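Colleague: Below are the structure tokens for one structure; questions will follow.
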Amino acid sequence: MLIHTSHQPAARQAIRAVGALLLVLVLVMALPSLPGMRGVAHYLPLHMALETLAIVVAALTFGVVWSAKHEQLPRNALVLGCAFLGVGLLDFGHMLSYSGMPDFITPNSTEKGIHFWLAARLLSALTFLAVAWLPWSTSASRSRAWSLLAMVLLLVAAFYGLFFLAPHLLPETFVAGQGLTTFKIGFEYALMALYLAAAALLLRHMRRQRSFNTSGLFAVACTMALSEFFFTRYTGVTDIYNTVGHLYKALAYVFLYRAVFVETVQQPYTLLRASQQQLQATLNALPDTMLELDDEGRYMDVRTGHAGNLAAPASLLLGKTLQEVLPAEAAGITLAALEEARQQGFSRGRVVALQVPDGQRWFELSVARKAPQPGHGQRFVVISRDITQRLQSEEAMRKLSQAVAQNPLPIVITDLQGRIEYVNDAFTRSSEYTAAEVLGKNPSILQSGKMPAATYQDMWARLQQGKSWQGDLINRSKSGREYTESVLIYPVRNAEGEVTHYLAHKEDVTERKRATARIQQLSHQDQLTGLPNRTMLGKHFDYAIRQSTALAVLWIDLDRFKDINDSLGHNVGDLLLLEISQRLRSDLPDDATLSRHSGDDFVVLLPHTSQDEAAKLCTGLLDLLAQPMQVAGQEMFVTASIGIAISPDDGQQLDSLLKNAETAMYRVKEEGRNSYRFFTPEMQAHSSRALALGNALKQALPRGELHLVYQPQVSLHDGCIVGAEALLRWNHPQWGVVSPAEFIPLAEANGLIVPIGEWVLQTALRQLRTWLDSGLPMMTMAVNLSAVQFGQPGLTDMVSQLLQQTGVPPEGLELELTEAVAMKTPEVAAQKMQELSQRGIRLSIDDFGTGYSSLSYLKRFHINQLKIDQSFVRDIGTDPDDQAIATAIVQMAHSLGMTTIAEGVETAEQLDYLRAQGCDQVQGYHFSRPLLPGHFEAFVRTNLQARQQTPAHAAQAEVQARPAGTAA
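Printed below as a string of structure tokens:
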């Protein structure tokens, strides 16, 4: 339970006192049985002393309270004082009736003394319970005080009469030799319960702001309860428990007197001192100058919070008259105010101008006549208030009035019925009405009819409640022009706080609204297609997922769209995207959301869609996109790759669904495009591996994890090894050998292919130079160039520089390009190939036949050799189509002055057919796997030795079978 801060100091003292008394109780109870006073004769003086103290304290408590009854004393304090007068009288009867005392009217006995004791304790306990229960805010009248005193005295008289005249009617309380009766002990426990209940109520009062000395009364109630506990324990009237119980009771009375004294005497004086201090602080804080003048206008006292408001220092003013200090005009005005106050009791509103240290200031005088005091003439209190700032404010208000009239924003003032009383010039300009046309009319003349009636109802409801209203209104000017105004209307109150008018500030926000709508469109819609962008897609997703967790997300990516942009331009690409967005939208369900994500990526959100339904829809979309399109006068064919993620299996958040759908789309790209795939966990694992490989690849080159192997290229004319193709390998310490088909695309995607490609070219040329220096015959080193490398602006100079550094003649290097690289930007490719060819570098087209090479471009490319792709070589012995393609490539190359080389030759049957068709060179496992540099050198030397030993049949022998032991 929290105690209010106003109680805390006294409460801490009370709790400590009660705690100490409780500790003493525990110690007394824990000690072995202690002897009391030896006999009544020894105990009687102590008993009389303790009871006399209690009676005196009770009488003092009554005296303090009764003497303050005229000071609006709280009713509870009067109840407490009067009741304890009765308690003191009953304690007096108890003391005189005690065994060993002279008979008090009737023979004294232990039983008689206990009766007076219990009556006093019962009155005390009930009084405390009433005081704790009743509120303390009510003051007692004088008649009520006397009535209360009379009731208490009558009650005491009744107890005395009962105990003297009819004691036999009362239950037995004490048996000599046996101790207290059950009734006596139960009665004492009942008293304890009443005291503790009062203490609990007083403790609850401590949670609120202090209104009386609750802490002191709490200590009294607790001490009385402890006292009663001792009176349940004694067996003889002189034992230790009886003695300690009387001590606790006397101490409780002392606590009571202190509590009442603090409440009725000390607390008022404390409040008086606080009030005086507060009054003094208020006077000291007043910014106004306060003067006391006599009836002749002489300064008797001067108080000011700012010396700069005085015409002279305060010490020089005392004893002087107004005429001696002030200018004649100011002195006359002040004396007139004193005269008015003498006659009417006060004077207000007169203003004087004075030259003070702060400059020229204006002061308003308030004069009050003081009550006359014996031996003194009439005195006046004068408050001089500096109103310079107020006058300046009034001037500012005048300027403000002009500013309102000339404000560039419309301002309207109406009465409480909405009739226009004032409009400024800006209103007439915006509404096109003159002031004369609108004065006395309702602003509803501006309504356009496009605002709901609820808007005006809400506006008037708030205004009639005294609240302001703000909102936008679509109005119509006198000429019929519609415009949107941001309106703030608020009540205008007079000095009494009553609403007298309504004031409206208006601003034409028509253009701002249009700009906001445009910004909203820009922030939520794709500017090209008008489709929702990613932000709006997120809102649609949040709504759809609340309706049902079963939904599908499609990621649609156009195949090879970049080629269209690069070849036909971005304008045509934008027209194509617009056509595709319209086609997609027309084939989607009404509840679907189509969003352009970025570039050529579209995302479709399909609520309430199962896997089968998504698959069926994707099939339809692919068929729709496959139909020819007319864009910018050209017929175009477009395909797309679609990835599908299904909620909740593939994710419940939009980001995770988009990521998984995009992953599935890339799997479609890898598998050939123009299809759809559902996301699977395996795809995620594949993507994770690709990410890990991509990160590891960044350190592969500096860590020496990359190396080259070389596959021999054999001439079909004489069986000589005429060249080697440098192939890149990656041996990772964790994953082992990583396939080039896996890491080369990653290198191309993250740009690492440029430094890696340069390292490959440099390493291959150095190796060729090493072989040549070791005595091997001249051969060609074939090195593959990626599209990224080929697109580098300094490629030709870089290659020439490496040739110069390594000392390899230009004809010893053959750069292999794929058809896709060559045909991506044919004009640029032709120019670059020409530069390389002019420097003596050989060029070949790798994987020829898999792309869409134009023969006209092929003639201009300065190509030295075409490489037949292994896909045409694999089944060349049995597939007529492969045979026809290979034959056509060989014949075409020869007709254009080029040589041919077939890759992937693995059988004698393939070799025989290629030789028969006139193919110039071959490479493949039929002769050798790709070899490390040392194995390759040994393979070449073995080939040379074989040819030298059987020169006549060397060519035939070399092309019939793969030499034993040459595979790496």
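Read the sequence shown against our numbering and you will find it ends at 1265, with the numbers running on by one and no gaps. Note that the Cβ used here is the ideal one computed from N, Cα and C, for glycine as well. Because the structure is a prediction, the values reported are computed rather than measured.
So, is A346 buried or exposed, given that buried needs 16 or more other C-beta atoms within 10 angstroms?
Modeller: Exposed, by the Cβ-count rule.
Colleague: So is D854 buried or exposed if we call it buried at 16+ other beta carbons inside 10 Å?
Modeller: Burial call: buried.
Colleague: Scan the stretch 797-856 and note each continuous beta strand (DSSP E) run of 3 residues or more that stays entirely inside, going in chain order.
Modeller: Those beta strand (DSSP E) runs which fall completely within the stretch 797-856 and span 3+ residues are 848-855.
Colleague: Determine whether the beta carbon atoms of L322 and L451 lie at a separation below 8 angstroms.
Modeller: No, the pair does not count as a contact, with Cβ atoms beyond the cut-off.
Colleague: Is Q686 near R639, with beta carbons less than 8 angstroms apart?
Modeller: No.
Colleague: Count the C-beta pairs between the stretch 425-434 and the stretch 481-489 that are closer than 8 angstroms, then say yes if the count reaches three, no if not.
Modeller: Judged by Cβ distances under 8 angstroms, the stretch 425-434 makes no contact with the stretch 481-489, as fewer than three pairs qualify.
Colleague: Could you check what DSSP says for N772 in three-state terms: helix, strand or coil?
Modeller: In the structure shown, N772 sits in a strand (DSSP, three-state: E or B).
Colleague: Could you check the C-alpha separation between T424 and N373 for me, to the nearest Å?
Modeller: Going from the Cα of T424 to the Cα of N373 covers about 9 angstroms.
Colleague: Rounded to whole angstroms, what is the Cα-Cα separation between Q1102 and L918?
Modeller: For Q1102 and L918, the distance between alpha carbons rounds to 56 angstroms.
Colleague: Considering only the alpha carbon of each residue, which of A495, S728, I717, E691 lies closest to L706?
Modeller: Comparing Cα-Cα distances from L706 to each of A495, S728, I717, E691, the minimum goes to S728.
Colleague: Please check the pair V648 and E661, which I expect to be a contact at CB under 8 angstroms, by giving their CB distance rounded to whole angstroms.
Modeller: With 8 angstroms as the limit, V648 and E661 qualify as a contact, their Cβ atoms being about 5 angstroms apart.
Colleague: Ignore the nearest five residues each way along the sequence and tell me which others in V1011's own chain have a CB closer than 8 angstroms to its CB.
Modeller: Same-chain partners within the cutoff: C1017, I1018, V1019, Q1218, V1219, Q1220, F1224, E1255, V1256.
Colleague: In whole angstroms, give me the CA-to-CA distance for D909 and L881.
Modeller: Looking at the two C-alpha atoms, the distance is approximately 19 angstroms.
Colleague: Just the Cα atoms here: how many angstroms apart are R759 and T752?
Modeller: Answer to the nearest angstrom: the Cα atoms are 11 angstroms apart.
Colleague: Report the three-state DSSP secondary structure of W1056 (helix, strand or coil).
Modeller: Helix.
Colleague: If you compare alpha carbons, which of A937, G410, A1199 is closest to F460?
Modeller: Among A937, G410, A1199, the Cα nearest to that of F460 is on G410.
Colleague: W766 bridges to which residues according to DSSP?
Modeller: Answer by DSSP bridge pairing, in chain order: I786.
Colleague: Report the start-end ranges of each beta strand (DSSP E) in the stretch 607-678 that is 3 residues or longer and not cut off at the edges.
Modeller: Listed in chain order, they are 643-653, 656-666.
Colleague: Can you give me the Cβ contacts of Q767 inside the same chain, cut-off strictly under 6 angstroms, excluding the 5 residues immediately before and after it?
Modeller: Excluding positions up to five away in sequence, the list reads L785.
Colleague: May I ask you to verify whether the stretch 1104-1111 touches the stretch 1136-1147, counting CB pairs closer than 8 angstroms and requiring at least 3?
Modeller: Counting Cβ pairs under 8 angstroms, three or more are found: they touch.
Colleague: Do you know offhand how far Q1008's Cα is from D1015's?
Modeller: The alpha-carbon atoms of Q1008 and D1015 are separated by roughly 18 angstroms.
Colleague: With a CB to CB cut of under 8 angstroms and the five nearest residues on each side skipped, what residues in its chain are close to S406?
Modeller: Cβ neighbours of S406 beyond the five flanking positions: S394, S396.
Colleague: Return helix, strand or coil for H1223, following the three-state DSSP convention.
Modeller: If DSSP states are grouped into helix, strand and coil, H1223 belongs with coil.
Colleague: Would A665 and V678 qualify as a contact pair, given that the criterion is a beta-carbon distance under 8 angstroms?
Modeller: Closer than 8 angstroms, so yes.
Colleague: Would you check if the stretch 352-366 and the stretch 381-391 touch, i.e. whether three or more CB-CB distances between them fall below 8 angstroms?
Modeller: The stretch 381-391 is in contact with the stretch 352-366.
Colleague: Does G378 pass the burial test, meaning 16 or more other C-beta atoms within 10 Å, or should it be called exposed?
Modeller: When all chains shown are included, G378 counts as buried.
Colleague: In whole angstroms, what separates the C-alpha of L1163 from that of A1185?
Modeller: The straight-line gap from Cα to Cα measures roughly 12 angstroms.
Colleague: Can you find the residues in the same chain that come closer than 6 angstroms, C-beta to C-beta, to T631, ignoring five residues on each side of it along the sequence?
Modeller: Once the five neighbours on either side are set aside, the close Cβ partners of T631 are L619.
Colleague: Report all residues from its chain with a CB closer than 7 angstroms to the CB of S1083; omit the five preceding and five following residues, and keep chain order.
Modeller: For S1083, where only same-chain residues beyond five positions count, the Cβ hits under 7 angstroms are E1045, I1050, G1054.
Colleague: Would you say L318 and T511 are within 8 angstroms of each other, going by their C-beta atoms?
Modeller: No, they are not a contact pair.
Colleague: Enumerated in chain order, which unbroken segments of the beta strand (DSSP E) with a length of 3 residues or greater are wholly contained in the stretch 676-720?
Modeller: Entirely contained in the stretch 676-720, the beta strand (DSSP E) runs reaching 3 residues are, in chain order, 676-683, 708-711, 717-720.
Colleague: Can you say whether R658 is buried or exposed, counting buried as having 16 or more other CB atoms within 10 angstroms of its CB?
Modeller: By the neighbour-count rule (16 or more Cβ atoms within 10 Å), R658 is buried.
Colleague: Residues in its own chain within less than 7 angstroms of F976 by CB, not counting five upstream and five downstream?
Modeller: The residues are G940, I941, A942, D947, N957, A958, T960, A961.
Colleague: Buried or exposed for D1144, going by 16 or more other Cβ atoms inside 10 Å?
Modeller: Under this definition D1144 is a buried residue.
Colleague: Return the CA-CA distance between A338 and V376, expressed in angstroms with no decimal places.
Modeller: With a pLDDT of only 48 at A338, under the threshold of 50, the placement of this residue in the model should not be trusted; the figure read from the coordinates follows. Between A338 and V376, the C-alpha separation is close to 37 angstroms.
Colleague: Excluding five sequence neighbours on each side, which residues of the same chain lie with their C-beta closer than 6 angstroms to the C-beta of T403?
Modeller: Excluding sequence neighbours, T403 sits near F461.
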